[in-house]
Amino acid sequence: MAFMNRLVEAMREPFVVDDKEIVCTTSVGIALAPGDGETANVVLKHAAIALTRAKYDGGQRMCFFERSMDKALQRRRMVEHELRLAIGRDEFDLLYQPQFSLETEEACGTEALIRWHHPVHGKIAPAHFISVAEETGLIVPLGEWVLRRACSDAVKWEKPLTVAVNLSPAQFRDGDIVQTVASVLKDTGLPPERLELEITENLLINDTEEVLQKLKTFRKLGVAVAMDDFGTGFSSLSYLARFPFSKIKIDRHFIQTMTKDPAVKAIVRTIIALGKSLDITITAEGVETVEQARMLREFGCPEVQGFLYSQPISAEEAGHAKPKVSTLSKHTTAA
Numbered sequence: 028m029a030f031m032n033r034l035v036e037a038m039r040e041p042f043v044v045d046d047k048e049i050v051c052t053t054s055v056g057i058a059l060a061p062g063d064g065e066t067a068n069v070v071l072k073h074a075a076i077a078l079t080r081a082k083y084d085g086g087q088r089m090c091f092f093e094r095s096m097d098k099a100l101q102r103r104r105m106v107e108h109e110l111r112l113a114i115g116r117d118e119f120d121l122l123y124q125p126q127f128s129l130e131t132e133e134a135c136g137t138e139a140l141i142r143w144h145h146p147v148h149g150k151i152a153p154a155h156f157i158s159v160a161e162e163t164g165l166i167v168p169l170g171e172w173v174l175r176r177a178c179s180d181a182v183k184w185e186k187p188l189t190v191a192v193n194l195s196p197a198q199f200r201d202g203d204i205v206q207t208v209a210s211v212l213k214d215t216g217l218p219p220e221r222l223e224l225e226i227t228e229n230l231l232i233n234d235t236e237e238v239l240q241k242l243k244t245f246r247k248l249g250v251a252v253a254m255d256d257f258g259t260g261f262s263s264l265s266y267l268a269r270f271p272f273s274k275i276k277i278d279r280h281f282i283q284t285m286t287k288d289p290a291v292k293a294i295v296r297t298i299i300a301l302g303k304s305l306d307i308t309i310t311a312e313g314v315e316t317v318e319q320a321r322m323l324r325e326f327g328c329p330e331v332q333g334f335l336y337s338q339p340i341s342a343e344e345a346g347h348a349k350p351k352v353s354t355l356s357k358h359t360t361a362a
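Have a look at this one:
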């Protein structure tokens with residue numbers, strides 16, 4: 028036990044290969060004999076199941092096998108099987124979370140959110156299938172479907188709103204991702220400046236040169252690039268100087284705690300000020316209360332999205348999205 032703890036901790040430290048700093052995450056699955064199996068094959072199988080659970084929980088940890096994990100793995104395999112069928116059966120749909128200007132409360136963009144409508148199980152939340160798609164590589168064809176559908180929807184809207192599409196690390200590392208984006212834009216006729224690609228900070232840890240070149244290529248195409256969930260991963264101010272981001276999205280955790288925690292409030296204010304200095308647009312995610320909206324306006328935050336202003340809506344509604352409430356005056360009013 029002590030050895031495994033030391034191993035996991037030791038692997039947290041970055042190491043250098045060919046003058047490049049590499050950061051690894053370590054996941055360990057543990058099964059004990061004879062309690063977790065009477066033969067070597069069974070014990071190894073259960074250790075592998077525990078390893079899968081450690082990775083699923085975020086990695087950088089060790090996990091002991093429990094009997095309940097075997098059933099959980101079977102469920103995940105069932106989801107994988109159903110997911111493969113769902114892509115071919117067109118069981119997915121997109122909703123759009125509108126983004127609003129805090130200055131005018133006019134819609135300025137949207138974020139595409141995938142939904143799965145299973146013929147037997149009904150609506151399946153992304154939390155139950157996205158991780159499976161990423162682990163199996165199905166996220167690549169699924170992500171291309173999302174990109175194509177979002178661009179096809181957006182080109183029909185009355186207002187020229189931007190549409191943001193999340194790119195997973197597996198999608199981004201796919202060798203054809205730049206060509207895929209260019210082809211989708213050409214096929215759908217969506218102007219490149221109306222597409223925004225969102226990536227998370229974790230993508231920037233390794234292979235930074237390759238990531239940098241792809242981001243620069245996207246910007247040359249005219250496509251915007253946003254850092255999503257800023258502040259939740261391995262945030263580094265050097266990322267903002269090195270990578271060509273056009274937008275930073277402040278994670279909802281900061282927005283939902285800033286009204287109660289002075290330290291978080293100071294962090295949010297600083298991020299917004301930094302965005303202004305670097306000419307990077309800031310969007311606050313997860314805005315749910317009037318107090319949060321007014322504090323963000325006080326800080327000079329340009330854009331917001333969250334349930335206070337709008338739930339995710341259909342493609343037909345997104346083209347003329349309006350906020351549910353107005354917080355421009357001292358008295359909140361329904362729109």
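Everything in the sequence shown is counted per the numbering used here, starting at 28 for the first residue and increasing by one. Just so it is clear, CB atoms sit at the ideal spot from N, CA and C, and this is done for glycine as well. Please read these numbers as outputs of a predicted model, since none were measured by experiment.
Between which two residues does the beta strand (DSSP E) harbouring residue i extend?
i	result
C178	Run containing C178: none in the beta strand (DSSP E); it sits in the alpha helix (DSSP H), 166 to 181.
E225	222 to 227
H144	134 to 145
I26	Residue 26 lies beyond the range of the chain shown here (28 to 362); nothing can be said about it.
V192	189 to 193
I340	Careful: I340 lies outside any beta strand (DSSP E) and carries neither H nor E.
Which residues does DSSP list as the beta-bridge partners of residue i?
i	result
F245	Answer is none; F245 lacks a bridge partner.
R88	S54
F127	A134, V331
D255	T227
L121	I141
I275	M254, I309
Measuring alpha carbon to alpha carbon, tell me which of the options ends up nearest residue i.
i	options	result
E220	V208, T227, D255	V208
P350	G62, K243, G333, S341	G333
A75	I57, S304, A67, E65	I57
E312	L301, P289, S337, V173	S337
T310	V317, P271, A290, F281	F281
F91	M31, R116, F42, Q101	M31
D201	P187, K213, G164	G164
R324	G346, E344, A348, I299	I299
N229	E223, D256, A251	D256
E330	L239, G64, K276	K276
G149	E93, A181, T131, E118	E118
R246	K274, L188, E185	K274
V317	V352, I157, P339	V352
I226	Y266, R142, L355	Y266
Looking at the secondary structure, which residues open and close the alpha helix (DSSP H) in which residue i lies?
i	result
S304	289 to 305
K82	67 to 83
S265	264 to 269
D214	204 to 215
A320	317 to 326
I157	157 to 163
A197	196 to 200
L34	29 to 37
Residue i: buried (16+ other C-beta within 10 angstroms of its C-beta) or exposed?
i	result
S95	exposed
C135	buried
C328	buried
M105	exposed
F127	buried
A113	buried
P41	exposed
G302	buried
G346	buried
P153	exposed
Sorted by chain position, which residues of the same chain lie with C-beta nearer than 7 Å to residue i's C-beta, five sequence neighbours on each side aside?
i	result
R176	L121
A160	L110, I166, L169
Q198	I166, V167, G170, I204
Could you pull out every residue in the same chain whose Cβ sits closer than 6 Å to the Cβ of residue i, ignoring the five residues on either side in sequence?
i	result
T244	V205
Taking 7 Å as the cut-off, is the beta-carbon of residue i closer than that to any non-hydrogen atom of the ligand NAD?
i	result
L140	The ligand NAD is not part of this structure, which contains no ligands at all.
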